[in-house]
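Numbering (this note's numbering), first residue to last: 199 to 561.
Contents: one structure, followed by commentary.
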Ligand code: IPM
Ligand code: MG
């Protein structure tokens, strides 16, 4: 029987539409191979939505996403919308989507592919074999805590406020994702906080420590975030799975991504409660400087579709097939500009899509 899925596509801004077009072709090819059927519906988000509707996350988009089995997002933002008031910024649309779908768990893998070791700015011996999963809390912490805003004080001086807050329940549910993820990987979980200074982090550490009793096979460690940042660039291979709050995860996942030297290769998954639609998107942004030039690397978006199959739709074989094809095109020497090195064949976005399809056909 053909398994049918409703997928909302959010191509967004900049290079988004180009890398999404390649990914849809890849998904259609996968559907044919694995007896799946994808019903794709496009919706607006980010700058594209601001231009059309004056809001970065129209109600119809959120409703459409809620009614689907999974959401594939490309990228949002661009110079054009950078100076709008906050409620009209593309980023506000993304945060609204995360909150609206209750996507509290963000999985960001940083894996060094053997074919791309030399793309890293760090020494080969430091990064070769790095395989880290950052589990970032995504709907709480200082991104969403109240009170927040810019307030006038009695003297007339303005004061900017954000609040870093986590309840026990919020900590427990992300800690559980951390432990479960580590259990499926190498069984090592590092929880990152700032418990030497922040009360919210002390509660975080206490809850994570308590949950460890339920996971005797997972080796738990704790690091302060400043030390974690240092260790990530000093000796990244010590890490397997990292679990951390929203802001620390934002920063550390970019650092971890750059270990691989190629942010254009990294996918991510944002998940809510089981059975609810997740959002799958590349870690990189909308790259407005190369938008429309057919230069973008579509592989992070394609790998995000693989994460969608694995974590969102429970189709691990179809996911592996895509991942193998990506390794295949790299083995054949195809590179977009961002990961180009001597002796390789430079291709644009659409040609990368074409060789990917050919490789999948033969695989
Ligand atoms: C990310 C981005 C977002 C974040 C921005 C665009 C709101 O940096 O997904 O990491 O800070 O979460
Ligand atoms: Mg970020």
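All residues carry an ideal CB built from backbone N, CA and C; glycine is no exception.
Only a predicted model underlies this, so the values are computations on that prediction, with no experimental measurement involved.
Taking 6 Å as the limit between beta carbons, can you name the residues of its chain near residue i, skipping five residues before and five after?
| i | result |
| --- | --- |
| residue 296 | 336 and 337 |
| residue 349 | 357 |
| residue 254 | 244, 247, 248, 288, 290 and 291 |
| residue 558 | 227 and 523 |
| residue 391 | 399, 402 and 403 |
| residue 423 | 390, 392 and 446 |
| residue 217 | 272, 494, 496 and 499 |
Check this for me: beta carbons of residue i and residue j, under 7 Å apart or not?
| i | j | result |
| --- | --- | --- |
| residue 211 | residue 484 | yes |
| residue 272 | residue 339 | no |
| residue 470 | residue 495 | no |
| residue 475 | residue 266 | yes |
| residue 479 | residue 504 | no |
| residue 383 | residue 439 | yes |
| residue 548 | residue 459 | no |
| residue 416 | residue 380 | yes |
| residue 306 | residue 468 | no |
| residue 482 | residue 498 | yes |
| residue 385 | residue 333 | no |
| residue 207 | residue 240 | yes |
| residue 465 | residue 418 | no |
| residue 259 | residue 282 | no |
| residue 269 | residue 477 | yes |
| residue 539 | residue 397 | no |
Apart from the five residues just before and just after residue i, which ones in its own chain have a Cβ nearer than 7 Å to its Cβ?
| i | result |
| --- | --- |
| residue 429 | 421 and 436 |
| residue 516 | 228, 232, 234 and 507 |
| residue 532 | 543, 545, 550 and 553 |
| residue 373 | 405, 406, 409 and 441 |
| residue 370 | 405 and 409 |
Whole angstroms is fine: what's the gap from residue i's alpha carbon to residue j's?
| i | j | result |
| --- | --- | --- |
| residue 354 | residue 347 | 15 Å |
| residue 510 | residue 311 | 24 Å |
| residue 395 | residue 454 | 24 Å |
| residue 368 | residue 326 | 35 Å |
| residue 487 | residue 223 | 25 Å |
| residue 491 | residue 219 | 14 Å |
| residue 530 | residue 536 | 17 Å |
| residue 426 | residue 447 | 11 Å |
| residue 280 | residue 293 | 16 Å |
| residue 299 | residue 264 | 7 Å |
| residue 413 | residue 321 | 35 Å |
| residue 393 | residue 262 | 40 Å |
| residue 456 | residue 352 | 45 Å |
| residue 257 | residue 225 | 27 Å |
| residue 387 | residue 303 | 15 Å |
Where does residue i sit, in a helix, a strand or coil, going by DSSP?
| i | result |
| --- | --- |
| residue 482 | coil |
| residue 526 | helix |
| residue 364 | coil |
| residue 518 | helix |
| residue 287 | coil |
| residue 466 | strand |
| residue 304 | strand |
| residue 441 | strand |
| residue 326 | coil |
| residue 503 | helix |
| residue 392 | coil |
| residue 432 | helix |
| residue 548 | helix |
| residue 381 | helix |
| residue 237 | strand |
| residue 356 | strand |
| residue 419 | strand |
Which same chain residues, not among the five before or five after residue i, have their C-beta less than 8 Å away from its C-beta?
| i | result |
| --- | --- |
| residue 235 | 200, 201, 202, 203 and 229 |
| residue 525 | 311 and 313 |
| residue 237 | 202, 203, 204 and 205 |
| residue 366 | 401 and 405 |
| residue 344 | 361 and 363 |
| residue 445 | 339, 340, 341 and 362 |
| residue 284 | 290 |
Next item on the list: Collect the residues with a C-beta less than 6 Å away from any heavy atom of the ligand MG and give them in sequence order along the chain.
Entry: Counting only heavy atoms of the ligand MG, the residues whose C-beta sits closer than 6 Å to one of them are, along the chain, 448 and 452.
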